[in-house]
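*Asks:* Residue numbers (the working numbering): 4 to 272. The structure follows.
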């Protein structure tokens, strides 16, 4: 069973403008609607992470997410906070969220005792840049990508496990788009080899390809027109081992999953 993460950005500069919700009331309405139409989890981002994103302080991140967490206090197990700021992460842990999603992959050992004491799931993302947001300068070659991703996760999972984090709390995200390389071929190579990656790592995978740059480069369309390509990439990921999919269109993805699962029941045996 695939778990769908719906993307909710509490920002003014996320790369897909339809995902932006800075007004607290609008953010709450959007989150509730996402849960209604097909999201298992709402992934809340208080700061953008694309190459042109403006920095946001931990205090501002917390200010942005607090009203939403108040409104969803009875559904915290269905809330993910997408932040690499330790202060924001500690606040989210205290609020009892179900998931922390870190684009840097939890690099700070000082946070590990807090993580170990909690029971939320952790989305550990690989990024060629290692620190900060995505950039246009990191360049992981397609032929090196899988080995590099495996090496990163082996080291990071080992560090988290030594700190007392149970393996069943870990979800691995190989990173896509600029997090791997400005060149679309690297993301396409990783997406095409998810089964190899999952076999090598032995842990659940989250894939986040929705409206990312490599899709636009592949099909020659702007971000606003990448819905169909995103859905095709997401269904490919599910068919090749993805356990979690993070998307801007959870309703569309849920409908596609339901149809695919229903169709499979009619397959001749």
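Cβ atoms here follow ideal geometry from the backbone N, Cα and C, with glycine treated the same way.
1. Helix, strand or coil, according to DSSP, for residue 87 in the structure here?
2. Which residues share a DSSP beta bridge with residue 181?
3. Taking 8 angstroms as the threshold, find out whether the stretch 239–252 comes into contact with the stretch 182–202 through three or more Cβ pairs.
4. I'd like the list of long-range same chain contacts for residue 2, defined as Cβ closer than 7 angstroms, with 5 residues on each side in sequence excluded.
5. Where does residue 105 sit, in a helix, a strand or coil, going by DSSP?
6. Based on DSSP bridge pairs, tell me the residues matched to residue 250.
7. With a CB to CB cut of under 6 angstroms and the five nearest residues on each side skipped, what residues in its chain are close to residue 125?
8. Tell me the DSSP secondary structure of residue 79 in three-state form.
9. How is residue 210 classed by DSSP in three states: helix, strand or coil?
10. Where do the ends of the alpha helix (DSSP H) carrying residue 176 lie?
11. Under 7 angstroms, do residue 253 and residue 42 count as touching if we go by C-beta distance?
12. When the Cα atoms are used, what is the spatial distance from residue 183 to residue 95?
13. Tell me residue 128's beta-bridge partners as DSSP assigns them.
14. Leaving out five residues on either side along the sequence, give the residues of the same chain with a beta carbon under 6 angstroms from the beta carbon of residue 59.
15. Thinking just about the alpha-carbon of each residue, which of 177, 88 and 200 is nearest to the one in residue 129?
16. May I ask which residues mark the beginning and end of the alpha helix (DSSP H) holding residue 201?
*Replies:* Checking against the coordinates, here is how it stands:
1. As a working note, residue 87 is residue 84 in the chain shown. Here residue 87 sits in coil by DSSP.
2. For the purposes of this step, residue 181 is taken as residue 178 along the chain shown, with counting starting at 1. Its beta-bridge partners do not exist; DSSP assigns none.
3. In short, these stretches touch, since the Cβ pair count reaches three.
4. Absent from the model: residue 2. The displayed extent of the chain is 4 to 272, so no value can be given.
5. Residue mapping note: residue 105 aligns to position 102 of the chain shown, counting from 1. Strand.
6. As a working note, residue 250 is residue 247 in the chain shown. Under DSSP, residue 250 forms a beta bridge with 9.
7. Along the chain shown, read from residue 1 onward, the residue named residue 125 stands at position 122. Excluding residues within five positions, the ones whose Cβ falls inside 6 angstroms are 103, 172 and 173.
8. To locate residue 79, count along the chain shown from 1; it is residue 76. Residue 79: helix per DSSP, three-state reduction.
9. If you number the chain shown from 1, residue 210 lands on position 207. Collapsing the DSSP output to three states places residue 210 in a strand.
10. As a working mapping, residue 176 is identified with position 173 in the chain shown. For residue 176, there is no enclosing alpha helix (DSSP H); the enclosing beta strand (DSSP E) covers residues 173–176.
11. Residue numbering aside, residue 253 sits at position 250 when the chain shown is read from its first letter. Residue numbering aside, residue 42 sits at position 39 when the chain shown is read from its first letter. Yes, they are a contact pair.
12. Residue mapping note: residue 183 aligns to position 180 of the chain shown, counting from 1. Residue mapping note: residue 95 aligns to position 92 of the chain shown, counting from 1. Note on geometry: alpha-carbon atoms of residue 183 and residue 95 lie some 27 angstroms from one another.
13. Your numbering for residue 128 matches position 125 in the chain shown. Answer is 176.
14. Within the chain shown, the letter at position 56 stands for residue 59. Leaving aside the five residues that flank residue 59 on each side, the residues in its chain whose CB is nearer than 6 angstroms to its CB run, in chain order, 50.
15. Here residue 129 is taken as the residue at index 126 of the chain shown, counted from 1. For the residues 177, 88 and 200, the minimum Cα distance to residue 129 belongs to 177.
16. Position 198 of the chain shown holds residue 201. Run containing residue 201: 197–204, per the alpha helix (DSSP H) assignment.
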